[in-house]
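Chemist:
Protein chains: 2
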Amino acid sequence: MAARLDALDRKILAELQEDAGQSLDEIAGKVGSSKTPVWNRIRKLREAGVIRRQTVLLDAEALGFDACFFVLIRTSEHEAAWQKAFLAALRARPEVQEAHRLAGDIDYILKVRVANARAYDAFYQALISEVKIHNVTALLSMEEIKSTTVLPV
Amino acid sequence: MAARLDALDRKILAELQEDAGQSLDEIAGKVGSSKTPVWNRIRKLREAGVIRRQTVLLDAEALGFDACFFVLIRTSEHEAAWQKAFLAALRARPEVQEAHRLAGDIDYILKVRVANARAYDAFYQALISEVKIHNVTALLSMEEIKSTTVLPV
DNA sequence: CAAATTTCCAGAACAATATTCTATTATTGG
DNA sequence: CCAATAATAGAATATTGTTCTGGAAATTTG
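Protein chains in written order, with full-length UniProt numbering: chain H, 1 to 153; chain G, 1 to 153.
#1: For the candidate residues V56(H), S141(H) and L90(H), whose alpha-carbon lies nearest to that of V153(G)?
#2: Can you pull the DSSP bridge partners for N135(H)?
#3: Could you tell me whether any Cβ in chain G is nearer than 8 Å to the Cβ of L24(H)?
#4: Would you give the residue range spanned by the beta strand (DSSP E) that residue 158(G) belongs to?
#5: May I have the straight-line CA-CA distance separating I42(G) from S23(G), to the nearest angstrom?
#6: Is the Cβ of A28(H) closer than 8 Å to any Cβ of chain G?
#7: State buried or exposed for R118(H), treating a residue as buried only when at least 16 other CB atoms are found within 10 Å of its CB.
#8: Against chain G, which members of the segment 128-145 of chain H pass a CB distance test of less than 8 Å?
#9: Taking one C-beta from the segment 74-83 of chain H and one from the segment 22-39 of chain H each time, how about it: are there three or more such pairs within less than 8 Å?
#10: Interface residues of chain H around D121(G) at Cβ under 7 Å?
#11: Which runs of the beta strand (DSSP E) at least 3 residues long sit entirely within the UniProt domain "HTH asnC-type" (5-66) of chain H? Give them in chain order.
#12: Please indicate yes or no: does the CB of I27(H) lie closer than 7 Å to some heavy atom of the ligand ATP?
#13: Note the first and the last residue of the continuous alpha helix (DSSP H) segment covering R118(G).
#14: Based on the DSSP output, what are the partners of I109(G) in its beta bridges?
#15: How would you label I128(G), buried or exposed, when you count the other beta carbons within 10 angstroms and need 16 or more for buried?
#16: Do E98(G) and K146(H) have their C-beta atoms closer together than 8 Å?
#17: If I'm right that V150(H) touches Q17(H) with Cβ under 8 Å, what's the distance once you round it to whole angstroms?
#18: Just how far apart, CA to CA, sit A115(G) and L8(G)?
#19: Would you say P94(G) faces chain H, with C-beta separation under 8 Å as the test?
#20: Between T149(H) and chain G, is there a C-beta pair that is closer than 8 Å?
#21: Using the Cβ count rule (16 or more neighbours within 10 Å means buried), how would you classify D19(H)?
#22: Between Q125(G) and chain H, is any beta-carbon pair separated by less than 8 Å?
#23: Would a C-beta distance cut-off of 8 Å place residue 210(H) and G29(G) closer than the cut-off?
#24: When you check each C-beta in the segment 44-69 of chain H against every C-beta of chain G, which residues fall closer than 8 Å?
#25: Counting only Cβ pairs nearer than 9 Å, list the residues of chain G close to residue 163(H).
#26: Can you list the residues of chain H that R91(G) reaches, using a CB-CB cut of under 8 Å?
#27: Could you name the residues that DSSP lists as bridge partners for E143(G)?
#28: In the DSSP assignment, the alpha helix (DSSP H) including R93(G) goes from what residue to what residue?
#29: Does the CB of H78(H) have a neighbour CB from chain G at under 8 Å?
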C-alpha cells in the first residue's frame, strides 16, 4: 500500500497541500525542477491514489455551521448486519464529517458539524431511531484551536 | 460573520468542494451560468474568507501514516499563560491534525496522525514534557469509516 | 409607479497555463 | 564500461483563466 516516493515527489505534495491553485511553473520553480516532470509526477500520484482529491476548504462558521460535536459511542451490538446498517447511516448523513471505529472501551467516535445544538439533537434522535446504540456521550467544541488536512510528507 | 450567499453561490461551492480541479466552463455548465459570474463569485468568496484554501487531500496510509489517535485531555491548569503555551505546542506539531477546546469534563480533544504506536508515544512524551497535563486518554482508531471535508451548503 | 442608477450577466478578446511532443541527459543493469 | 531504460528541460500546441464590452435585469430614488 505504501507508495515509494522520492524527495521530488514529497516536495511536490508539500506544495500542492499548501496551495493546489499554484501553476506548474510556480511549483516547478519552488521544487527545483521543470513543468514536465512535475506534471507527470502529479498524474502518477493521482493514479496511484496518493492524491485522493483536489478540493476547497470552506469556513464552516461563515456558512452557518456554528456547532461542532465529538460523539463517543458504545454499543452492545457487534453483528455484521448491525455494523453495516450503522455505517450506512453515518455515510448517508452529511453532518458526519468523520467516523472512526475504535479499539477498546468506546466503540466509535464521530465528528459532527451542525448549525446549533438543536440541529445536533435532531441528528442524534434520527441516528438512535435508525440503529440501536447502547451509550452516547457528546463533547461540545468551544473553540477550534487547530484544523489542518496537511500531512508532513 | 455569516456571509449572505444565494443559490448560485451555493451550487458553485458544492462543485468546488466536489472537485476543485474542474474548469470554469464545466462548473458554469453544471450550475447553469457562464464563466464570468462563476469567476467573479469565486473571487469574492475567496476574499470574504468563505473559501479558505484550495488543497489536495492525500492518502495517509499510502504515505506511511498508519495510526490515528483521538486524545482526550484533562488539565488542572487554566491560566492564560499555560493555555498559550499549550496551544503553541499543538500548532507547532504537524502530527496534530485537529485540536478543539471543549465544554465540560474533558478540556481538549486532539486528532493525531502518526506512523505507528511508537511514534504516538514519542509525541505524547514530548507533549507532556512541554506542558503540564493532568490526565490523558488515547483512543486508537481501528478503521476510518468516513472522512470528508465537504460541508452541505 | 416611472426613471435613473446600479448590479449582474453572456459572450468575445486576450493572456496565461496546462498538456503534449522531441531531443537530450541521467540512471540502471549486465 | 556500454547498452538499454527512464527521466528531464525546453519548445509547440491546446486548453483554460482573466479581462473587457455591451446589454439585460434588478434595485433604488424621486
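Note that CB positions come from ideal geometry on N, CA and C, so glycine has one too.
Modeler: Short version:
#1: Here residue 153(G) refers to the residue found at position 153 of the second sequence. Nearest option by C-alpha distance: V56(H).
#2: Position 135 of the first sequence, counted from the first residue, corresponds to residue 135(H). Beta-bridge pairing by DSSP links N135(H) to R74(H).
#3: Within the first sequence, the letter at position 24 stands for residue 24(H). It does not; no Cβ of chain G falls within 8 Å.
#4: Outside the shown range of chain G (1 to 153) lies residue 158(G), about which nothing can therefore be said.
#5: As a first step, residue 42(G) must be located in the second sequence, where it is residue number 42. As a first step, residue 23(G) must be located in the second sequence, where it is residue number 23. CA-CA distance, I42(G) to S23(G), rounds to 12 Å.
#6: Numbered from 1 along the first sequence, position 28 holds the residue referred to as residue 28(H). Contact of A28(H) with chain G is not assigned, every C-beta pair being separated by 8 Å or more.
#7: Here residue 118(H) refers to the residue found at position 118 of the first sequence. It is exposed - the Cβ of R118(H) has fewer than 16 other Cβ atoms within 10 Å.
#8: L139, L140, S141, M142, E143, E144 and I145
#9: no
#10: To locate residue 121(G), count along the second sequence from 1; it is residue 121. Simply none; closest approach about 15 Å.
#11: Entirely contained in the UniProt domain "HTH asnC-type" (5-66) of chain H, the beta strand (DSSP E) runs reaching 3 residues are, in chain order, 51-58.
#12: As for the ligand ATP, it is missing from this structure, which has no ligand bound.
#13: As a first step, residue 118(G) is located in the second sequence; it is residue number 118 there, counting from the start. Unbroken alpha helix (DSSP H) run through R118(G): A117 to E130.
#14: One-based indexing of the second sequence puts residue 109(G) at position 109. Its beta-bridge partners are L72(G) and H100(G).
#15: Taking the second sequence and counting its residues from 1, the one referred to as residue 128(G) is at position 128. Result: exposed.
#16: As a first step, residue 98(G) must be located in the second sequence, where it is residue number 98. As a first step, residue 146(H) must be located in the first sequence, where it is residue number 146. In this structure, K146(H) lies closer than 8 Å to E98(G) by Cβ.
#17: Along the first sequence, read from residue 1 onward, the residue named residue 150(H) stands at position 150. Along the first sequence, read from residue 1 onward, the residue named residue 17(H) stands at position 17. The Cβ separation is near 5 Å, so the contact holds.
#18: Within the second sequence, numbered from 1, the residue matching residue 115(G) stands at position 115. Within the second sequence, numbered from 1, the residue matching residue 8(G) stands at position 8. The straight-line gap from Cα to Cα measures roughly 42 Å.
#19: Residue mapping note: residue 94(G) aligns to position 94 of the second sequence, counting from 1. By this cut-off, P94(G) is an interface position.
#20: Looking up residue 149(H) in the first sequence gives position 149. Cβ-Cβ to chain G under 8 Å: yes for T149(H).
#21: The residue you call residue 19(H) lines up with position 19 of the first sequence. The residue is exposed, with fewer than 16 neighbouring Cβ atoms inside 10 Å.
#22: Taking the second sequence and counting its residues from 1, one reaches residue 125(G) at position 125. Not closer than 8 Å to any Cβ of chain H, the Cβ of Q125(G) fails to qualify, so no.
#23: Only positions 1 to 153 of chain H appear in the structure, and residue 210(H) is not among them; the question remains open.
#24: A48, G49, V50, I51, R52, R53, Q54, T55, V56, L57, L58, D59, A60, E61, A62, L63, G64, F65 and C68
#25: Residue coverage of chain H in this structure runs from 1 to 153, which leaves residue 163(H) outside it and unanswerable.
#26: Position 91 of the second sequence, counting from 1, holds the residue named residue 91(G). Correct list: I145 and K146.
#27: The residue you call residue 143(G) lines up with position 143 of the second sequence. Answer by DSSP bridge pairing, in chain order: R101(H).
#28: The sequence position of residue 93(G) within the second sequence is 93, counting from 1. Taken as a continuous stretch (DSSP letters only), R93(G) belongs to no alpha helix (DSSP H), as it is neither H nor E.
#29: Within the first sequence, the letter at position 78 stands for residue 78(H). Not closer than 8 Å to any Cβ of chain G, the Cβ of H78(H) fails to qualify, so no.
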